[in-house]
Amino acid sequence: MDLGISNRVALVAAASRGIGKAIALRLAREGARVAICARDHEELHKTAQEIQNTTKTEVLALVADVTRPDQIKSLIAQTLARFHQIDILVTNAGGPSIGKFFDFDDAAWESAFQLTFLSVVRLCREAIPQMQQRRWGRIINIASTTVKQPIENLILSNALRLAVVGLAKSLANELAPYGITVNTVCPGMIRTQRLEQLLHVSAQMQQISFDEVLKQRTAQIPLGRLGTPEELADLVAFLASENARYLTGTVIQVDGGLVKGIF
Ligand code: NAD
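All residue numbers for the sequence shown refer to our numbering, where the first residue is 90 and numbers rise by one.
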């Protein structure tokens, strides 16, 4: 299927590895010009080079921390200076810390709020005006299945990602007249560095091996295995496409059936 985005520009935040990287690669394979950011210069530039070599598409790598408003402003400004437009915005970020309610003081809640929620607000604020002018846009937030079913030991994600969904649904309504869609994609258990870190913590807490934890977790997934970043990127690419023009305000999990509720 031709996704019709070969003349589009995508900005994928937090994309030096894992889910963000897979999304940037997938969009570049569709012919979109892509800008990516992360905090670590070396890993980021290695990833940009890899995507460029694989797809022969132009990739702009910009060091930026999405918790810093000044760096988000500069990220958007530099992307626009190079490509003159941002059609597809993927608001990915690192995951908030692992823990339960009494593990976190106000400072920890505030920094998780900056990372998980305000980064999305700020990226949208900077990118939307030029989408409105051109009357086309795709905003895709990367959240978590925690918005459908809380996960033990991830209270920051359980609480703060729901704010992202509320924001996305509101923005979907506000931006619909401009041809801009806003959707949220929720990874279940997707094999990345972040997930492996979570599984290691769980193994330590239960005093069992990593492989035992992996077995326990995959047993909860009807499709019987972890997902790959590429499987999640397939959905994001579809949501970014011309074909998804009538989809907005949705919250879709990519989780092999992990979430047991209906909505
Ligand atoms: P990851 O740790 O493998 O990759 C995170 C990426 O974000 C890296 O490129 C890192 O450099 C970048 N990053 C981190 N903090 C940043 C910051 N402040 N500014 C800019 N870049 C930053 O994680 P992942 O598994 O790819 O997860 C991506 C998102 O999806 C996270 O928010 C995570 O919590 C969420 N998620 C992942 C899973 C999963 O199973 N992997 C499940 C649910 C939710």
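Think of the CB as a built atom: it goes at the ideal place given N, C-alpha and C, for glycine as much as any other residue.
Rounded to the nearest whole angstrom, the C-alpha separation of residue 227 and residue 310 is 30 angstroms. Inter-residue distance for residue 186 and residue 235 is about 14 angstroms (C-alpha atoms, whole angstroms). Less than 8 angstroms separates the beta-carbon of residue 318 from that of residue 111.
Per DSSP, reduced to three states, the secondary structure at residue 270 is strand. Under the three-state reduction of DSSP output, residue 325 falls in the helix class. If only uninterrupted alpha helix (DSSP H) runs of at least 4 residues are considered, those enclosed by the region 125–205 are 130–144, 158–172 and 195–202. Counting the other CB atoms within 10 Å of its CB gives residue 104 a total of 16 or more, which places it among the buried residues. Within the same chain, 187, 188 and 189 come within 7 angstroms of residue 242 by CB-CB distance, once the 5 residues on both sides are set aside. For residue 248, the enclosing alpha helix (DSSP H) has its first and last residue at 244–264. Under DSSP, residue 342 shares a beta bridge with 275.
Judged by their CB atoms, residue 260 and residue 206 are not nearer to each other than the 8 angstroms cut-off. Taking the Cα positions, residue 132 is about 10 angstroms away from residue 138. Cβ contact annotation for residue 268 (same chain, cutoff 6 angstroms, sequence separation greater than five): 224 and 225, in chain order. Beta-carbon to beta-carbon, residue 312 and residue 288 are separated by about 18 angstroms, too far to satisfy the 8 angstroms threshold. In this structure, residue 209 and residue 271 do not form a Cβ contact; the two beta carbons are roughly 10 angstroms apart against a cut-off of 8 angstroms.
Distances between the C-beta of residue 104 and the heavy atoms of the ligand NAD include at least one below 7 angstroms. For the ligand NAD, no non-hydrogen atom lies closer than 7 angstroms to the CB of residue 309.
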